[in-house]
Every structure is written in C-alpha cells, then in structure tokens.
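Top to bottom, those sequences are chains A and B. In this text, residue positions in the first sequence follow my numbering: the first is 2, and each later residue adds one. In this text, residue positions in the second sequence follow my numbering: the first is 2, and each later residue adds one. Backbone N, C-alpha and C fix where the C-beta goes; we use that ideal spot for every residue, glycine too.
2 protein chains.
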Amino acid sequence: MSRNSSAADTELLGTGRIQSVERALRILRAFTEPGQRLTVAELARRLDVHKSTASRLAATLVSAGFLERGGENDPLVLGPQLVRLGRLAVSGRSLPEIARPVMDELAAQLGETVTLSVPDAGQALTIGQSEGTFAVGLQNWLGKRAPLHATSDGKVLLAFGAATLPAGELSARTPDTIVDRAALDAELAQLRERGWGSSRGDFELGLNGVAAPILLPDGTCRAALCLSGPAYRVRSDDLAALAARVAFAARRIAALLDLAPPLPDPQDA
Amino acid sequence: MSRNSSAADTELLGTGRIQSVERALRILRAFTEPGQRLTVAELARRLDVHKSTASRLAATLVSAGFLERGGENDPLVLGPQLVRLGRLAVSGRSLPEIARPVMDELAAQLGETVTLSVPDAGQALTIGQSEGTFAVGLQNWLGKRAPLHATSDGKVLLAFGAATLPAGELSARTPDTIVDRAALDAELAQLRERGWGSSRGDFELGLNGVAAPILLPDGTCRAALCLSGPAYRVRSDDLAALAARVAFAARRIAALLDLAPPLPDPQDA
DNA sequence: CGGATGCGTTGCGCATTACGCGACGCGGTG
DNA sequence: CACCGCGTCGCGTAATGCGCAACGCATCCG
C-alpha cells in the first residue's frame, strides 16, 4: 500500500516523530482565526489524508477537550482545554515571547515592522521585533539601544515613568530631534494625555514611528510597543490611526501579562 | 507482545480514538501548575508507558511548538503554540466558559462557592457557578435570579452601572435587607470607592457574600464575580480579605475577556 | 419527488507504524 | 570508580492506525 504517499507531506517527519500525533497537532495548528470553525472534510483536505483519518483524529481531540463541536456533528472549534493550557503557557514566559504573537499579527496586518522596547541604562532597549512585509523597512534592531528623547517608544517610556532621562545635553540625532527639555516635557505631557507617542524623523530623517505603552494593571509602564517605517508609508496624517491599532495591540499584550501569575498565594480565610 | 497491557489505561479508549494521539494529549494535560517543568521520565511514569515512547511523543510535541525544552535535553514546559491557540480558543466562547477555570481555581482555594452574575430584567442572573468544597454551601443557583439590592453581586452591578433598579419599593428579603434608597445609594458609593461589595444576611439570614466587578477595559461592568457562604465560615471580619481574592480573580477574568477579539478590522493605512 | 452531491461515521483487512526492549552516552553522587 | 537516573536511538514485532468503501443523513435542484 502506498498509504499517504503524497509527495513530502509538507514537512517530512524527522527522526522519532510520531505521524498520527503530528497530524493531530497540525489539525490544531490549522486554526488561525478567532472563532474559526473547521469541518472534518476541510481538515482532511488540508492534511491530505482520508476523511476517516481526519474524523478519528478529530474525535480524539474532542474527547480530550482540545476541540469541541457545536452540535452532534459538523463544526469544530478550539476547545476549553486550550484555554486552560494557554493560560498556563503564558506563565513563566518572557515578555517578548508573550508579545510575539500579537506583534506578528500587527506587523502582518499593517505591513510595517513592530518593535518592543524596555528602558535600559537610560536608553530604550529593543527586546522584540516582528518584521513587516515591505522590502524597505526597519533593520534588525534587536538588542540595540536608542535614545529616549528621539524615538517614539523612548518618549512613551519617559512619559509613563518607566524611564528617566540621563542628565546632560539632549543629543541631536537629526535637525528635527527635540533638544530643548521644556519642549520635550510639553510633548510628553501631550503624549500622556492622548496615550501614544510619535517620532517624525527625529531619530533618523525619513523614519517615522508611533508607540504605545504596555501598562500593567497598577498603571506602571512595563514596555513600549512601537511601529516604525519610512515616512512615505507611515505618513504624518496616518499616525493617529496607526497609533490606535498599536495601542490596541499593546493593551492586548498587557492583558496577556496579567494572566501570567496564577491566583495569589494560598492563605485562606 | 502485550504492549501497554497495563490494566485499563485509566480510561479505556472508546471507538475510533487514536492511542498515540491520546497519549500525546495526556502529556499536555499533565501540566497543571504555571511554569511547571516535567521530565520525560516523569511523564513516562504518569502515562505508564516506556521511556522511549514518552520521549518520542515529547519530541513530536516539541517539534510542533506545543512543548518546549530549556536546554538540549531535560526540562519540558508548555510551548508558544499553546499561547497562540489559547488566545484563539478564548474567542467565540461565552463568558461563563471563559470564567470557569478561574472560578474553579478560586472556589478550590477558598472552599466556598463562587458565582458569576449579569444583570437581567432588573435582577441579577447567575450564569456561572463553581462549587466549594464544604458540604454546607450555596445551592445550585445557575439560571436563577436574585434582587439587585439584596445581594453582593447585585450591588456591584448597580454600583458600576451595569444594572438599574426597577421602580417601586425595595423588597425586604430579611430584616437586614436595605430598603431605604438613600441608605442603598450610600452603600453603593462606598462600594464603588473600595471596589467590592458585600452582603451580610440581607438576602438570606446566615448567608454572607462578597462580590467584585468584571470590568472591561473601557470601564464598563460586564458581570459580577461573587463568593458566598454561611456566615459562620464567611465571617464579617474576613470579608475584606476575601474580597481581595475575589477582585483579583475578577481582574484575571477581565484580562481573558480582553483577549477575545483579535486585532481590529482590517483597514490599512 | 427522487437523484445527486457532500458531509461525518463505522467495519474491515492489511501493512505501516508505533511500540517495548535494550544498549549507549551523560551528568551527578556516594 | 561504580552507581544511579536521565534521554535518545536501532531493532524486530505485532498491534495499531490507516485507506477503502459502504452507510446514514442532510441539502440542493431538476
């Protein structure tokens, strides 16, 4: 019998991996949209296996709570067990790991590169980056630092008290960099008011960006989520609209962070 | 060969379920604590299979991103794929489903019954319930309604604007029920201030409760999370401490809710 | 009304595949 | 250095999961 001899089965399974399990997991991974419903036949097509195989895989996943069906037959949705495990999986993961899926989604939707920064040694340290879809875009900035007063994310970190400006002169990266502390304070006040920060060529000419804070429930700022791209795509007129999307994603990440620890220490009443 | 002939394998697999997949999923379900790390040998023991089998199952789960290992070998933790799927799984689930795991955890920790209520027709409708561990406790209240002014969750819904009191006299469920509207308003104001509500025998003599709001990011109140029990266990002196736990769990649920929809509608810049 | 299409499930029989076994390499401990 | 426990890897076997096809059930349409 040739069984499932179809070409290379997408990714030929390496040493010591179990076929049926890989297929089951590929069923789970087939879900990409929230609230998505997939039929057995559809899954069979995607996995390139027989209906019956997909049916049995699905039945197994359902009985373990990883999938769920609305009625007796037909629609498959992600199950409650995944809610539980998702909650657990978030714990013990670092901020960039938690933020990654959301950042990827945002970068894919808007096409521009998204970065995640935290304060470090008086600068903004980039600890996460999701590439956009354009050929022209932000270089790899992971692990690099940028001045707080000349970037959108740096300004956010300043405005929300996550970072403080080192003493001394404010260096001028470009002619448009804000070097006057009073002017900077005014911009930070406005930033705090509207909830997001921007940068228009003040770090590098032709580079624009918007950033929003990732706020913990107690109001402290944990990091800044930033979207940047060339000024001819990330236009000044669009900054507000983009900022809304970035701020939304930032709140989503904050919500994920809030899930991290379980309920508080076990001391009863 | 007897293969894995060990007794009944916990739950004997029904019709058309796939053994290896079930085992793989049982590995995932073995994780119950946040940040938990399990070794291959430990998993083999729990599943009652040979080390090599557990190793192969784990390898498959790792290669699909459902598990992850710190170093080359050794520690297994839940993987990033579960973070992604957990986020998706939350979407399209109803509030009680989302809240369930958190409520169960709280009920198990404190021993008392936890309920979830939303406003409905001028009353508080209970849409979720996790039983406590004591023999004496709240009866099944699912689907039932209670007056807004005489319960802790009802007061929360009132105070946070999720519900409005129907016109007319406030009925006295017990001698301790607040029937004076001015007195009620005063209590609601205080409730809003401190963030949680209580009820001491004003719904039923001997029954105490504390409740906290489940607040959406925009500040609106979606539901109330309530813990209740007999007054000799849920003592007046302990209400504040209990309320802190309930409020914490409520915020956790709110965070889960905030994950529900994906990023906003696809309209680009 | 009934043939046709597409869905999901179940029984069957075969051989693929996943299993248990044991060997090996490693790291920590007495 | 022997010992233990860990994780992985070949091997050979047979148990198991697969494809096949038949069935029941909806929906659609001539």
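Where are the alpha helix (DSSP H) runs, 4 residues long or more, that stay fully inside the region 173–257 of chain B, in chain order? 182–195
Only counting the same chain, and skipping five residues up and downstream in sequence, which positions put a Cβ closer than 6 angstroms to that of Ala151 of chain A? Position 150 of the first sequence, counted from the start, is the residue given in the question as residue 151 of chain A. Closer than 6 angstroms at the Cβ level, and outside the excluded window around Ala151 of chain A, lie Arg174, Thr178, Asp203, Phe204.
Let's test the definition: count the other Cβ atoms within 10 Å of the Cβ of Asp154 of chain B and tell me whether it reaches 16, buried, or not, exposed. Locating residue 154 of chain B in the second sequence gives position 153, counting from the first residue. Buried is the call here.
Quick check for students: name the residue ranges of the alpha helix (DSSP H) that lie wholly in the region 134–174 of chain B, counting only runs of 4 or more. 153–160
Coarse secondary structure for Thr33 of chain B, derived from DSSP in three states: One-based indexing of the second sequence puts residue 33 of chain B at position 32. If DSSP states are grouped into helix, strand and coil, Thr33 of chain B belongs with coil.
Taking the C-alpha atoms as reference points, what is the distance between Arg30 of chain A and Leu89 of chain B? As a working note, residue 30 of chain A is residue 29 in the first sequence. As a working note, residue 89 of chain B is residue 88 in the second sequence. Computed Cα separation, rounded: 11 angstroms.
Please determine whether the Cβ atom of Leu89 of chain B lies at a distance below 7 angstroms from any heavy atom of the ligand PLP. This structure simply doesn't include the ligand PLP, nor any ligand for that matter.
At a CB distance below 8 angstroms, what residues from the region 87–108 of chain B approach chain A? Give them in sequence order. Gly87, Arg88, Leu89, Ala90, Val91, Ser92, Gly93, Arg94, Glu98, Ile99, Arg101, Pro102, Val103, Glu106, Leu107
Please list the partners that Ala23 of chain A has in chain B, where partner means a Cβ-to-Cβ separation under 9 angstroms. As a working note, residue 23 of chain A is residue 22 in the first sequence. Reading off the sequence shown, one finds Glu at residue 23 of chain A, where the question assumed Ala. In chain order: Thr61, Ser64, Ala65.
Out of curiosity, what's the CA-to-CA distance linking Leu171 of chain A and Met104 of chain A? Here residue 171 of chain A corresponds to residue number 170 of the first sequence, with the count starting at 1. Here residue 104 of chain A corresponds to residue number 103 of the first sequence, with the count starting at 1. Using only the alpha carbons, I get a separation of about 30 angstroms.
Would Gln130 of chain A pass as an interface residue toward chain B - the criterion being a Cβ-Cβ separation below 8 angstroms? Locating residue 130 of chain A in the first sequence gives position 129, counting from the first residue. With 8 angstroms as the cut-off, Gln130 of chain A does not count as an interface residue toward chain B.
Is the region 158–170 of chain B close to the region 113–126 of chain B, with three or more CB pairs under 8 angstroms? yes
Rounding to the nearest angstrom, what Cα-Cα distance links Ala251 of chain B and His51 of chain B in this structure? For the purposes of this step, residue 251 of chain B is taken as the residue at position 250 of the second sequence. For the purposes of this step, residue 51 of chain B is taken as the residue at position 50 of the second sequence. Straight-line Cα distance between these residues: approximately 43 angstroms.
Just by C-beta distance, which residues in the region 69–88 of chain B are closer than 8 angstroms to chain A? Val78, Leu79, Gly80, Pro81, Gln82, Leu83, Val84, Arg85, Leu86, Gly87, Arg88
Mind the definition here: the region 75–92 of chain A touches the region 183–198 of chain A only if three or more C-beta pairs lie below 8 angstroms; say whether that holds. no
Quick check on the burial criterion: 16 or more other C-beta atoms within 10 angstroms. Buried or exposed for Gly207 of chain B? Counting from 1 along the second sequence, the entry for residue 207 of chain B is found at position 206. Looking at its Cβ environment, which holds fewer than 16 other Cβ atoms inside 10 Å, Gly207 of chain B is exposed.
Taking Arg146 of chain A as the query, report the chain B residues whose CB atoms sit under 9 angstroms from its CB, ordered along the chain. The residue labelled residue 146 of chain A in the question sits at position 145 within the first sequence. The contacting residues do not exist; Arg146 of chain A stays about 26 angstroms from chain B at best.
Hey, is Asp259 of chain B's beta-carbon within less than 8 angstroms of any beta-carbon in chain A? Here residue 259 of chain B refers to the residue found at position 258 of the second sequence. Yes - at least one Cβ of chain A is within 8 angstroms of the one on Asp259 of chain B.
Could you give the DSSP three-state label for Gly129 of chain A: helix, strand or coil? The sequence position of residue 129 of chain A within the first sequence is 128, counting from 1. Looking at Gly129 of chain A - three-state DSSP - the assignment turns out to be strand.
In the structure shown, what three-state DSSP assignment does Ser21 of chain A receive? In the first sequence, the residue the question calls residue 21 of chain A occupies position 20. Helix at Ser21 of chain A.
Chain A within 8 angstroms of Pro214 of chain B, Cβ atoms only: Mapped onto the second sequence, residue 214 of chain B falls at position 213. Taking Cβ atoms only, chain A never reaches closer than 8 angstroms to Pro214 of chain B, which makes this a no.
Could you confirm whether any beta carbon from chain A is found closer than 8 angstroms to the beta carbon of Gly198 of chain B? The residue given as residue 198 of chain B occupies position 197 in the second sequence. No - not a single Cβ of chain A is within 8 angstroms of the one on Gly198 of chain B.
Quick one: which chain A residues come within Cβ less than 7 angstroms of Pro218 of chain B? For the purposes of this step, residue 218 of chain B is identified with residue 217 of the second sequence, where counting begins at 1. What Pro218 of chain B touches in chain A: Arg252.
Compare the Cα-Cα distances from Ser92 of chain B to each of A:Val91, A:Pro81, A:Val137 and report the closest residue. Here residue 92 of chain B refers to the residue found at position 91 of the second sequence. The shortest Cα separation from Ser92 of chain B among A:Val91, A:Pro81, A:Val137 belongs to A:Pro81.
With 8 angstroms set as the bound, which would you pick, yes or no: does the beta-carbon of Leu58 of chain A sit closer than that to a beta-carbon of chain B? Taking the first residue of the first sequence as position 1, residue 58 of chain A is located at position 57. Yes, Leu58 of chain A counts as interfacial toward chain B.
Nearest residue (CA-CA) to Pro231 of chain B, options B:Val115, B:Arg246, B:Pro176: Position 230 of the second sequence, counted from the first residue, corresponds to residue 231 of chain B. Looking at the Cα atoms, B:Val115 is the closest of the given residues.
C-beta atoms of Cys227 of chain A and Gly210 of chain A nearer than 8 angstroms: Stepping through the first sequence from its first residue, residue 227 of chain A is reached at position 226. Stepping through the first sequence from its first residue, residue 210 of chain A is reached at position 209. Yes, the Cβ-Cβ distance between Cys227 of chain A and Gly210 of chain A is below 8 angstroms.
Alpha carbon to alpha carbon, how far is Arg70 of chain B from Leu149 of chain A? Give it in angstroms, no decimals. Reading the first sequence from its first residue, position 148 is the one you call residue 149 of chain A. Reading the second sequence from its first residue, position 69 is the one you call residue 70 of chain B. Whole-angstrom Cα-Cα distance: 36 angstroms.
Tell me the rounded alpha-carbon separation between Leu185 of chain B and Leu166 of chain B. Residue mapping note: residue 185 of chain B aligns to position 184 of the second sequence, counting from 1. Residue mapping note: residue 166 of chain B aligns to position 165 of the second sequence, counting from 1. Straight-line Cα distance between these residues: approximately 11 angstroms.
In whole angstroms, what separates the C-alpha of Ala212 of chain A from that of Val247 of chain A? Within the first sequence, residue 212 of chain A is the residue found at index 211, counting from 1. Within the first sequence, residue 247 of chain A is the residue found at index 246, counting from 1. Distance between the alpha carbons of Ala212 of chain A and Val247 of chain A is about 7 angstroms.
Taking the beta carbon of Gly129 of chain A as the centre, do at least 16 other beta carbons fall within 10 Å, making it buried, or is it exposed? Counted from its first residue, the first sequence places residue 129 of chain A at position 128. Buried, since its Cβ has 16 or more Cβ neighbours within 10 Å.
List the residues of chain A whose Cβ lies closer than 7 angstroms to the Cβ of Leu29 of chain B, in chain order. Locating residue 29 of chain B in the second sequence gives position 28, counting from the first residue. Leu86, listed in chain order.
Check this for me: beta carbons of Ala45 of chain A and Ala60 of chain A, under 8 angstroms apart or not? For the purposes of this step, residue 45 of chain A is taken as the residue at position 44 of the first sequence. For the purposes of this step, residue 60 of chain A is taken as the residue at position 59 of the first sequence. No, these two residues do not count as a Cβ contact at 8 angstroms.
In chain B, which residues lie with their C-beta within 7 angstroms of the C-beta of Ala241 of chain A? Here residue 241 of chain A refers to the residue found at position 240 of the first sequence. Under the 7 angstroms cutoff, chain B gives no residues; its nearest Cβ is about 10 angstroms from Ala241 of chain A.
Is the shortest distance between the beta-carbon of Gly36 of chain A and the beta-carbons of chain B less than 8 angstroms? Mapped onto the first sequence, residue 36 of chain A falls at position 35. So yes, Gly36 of chain A belongs to the interface.
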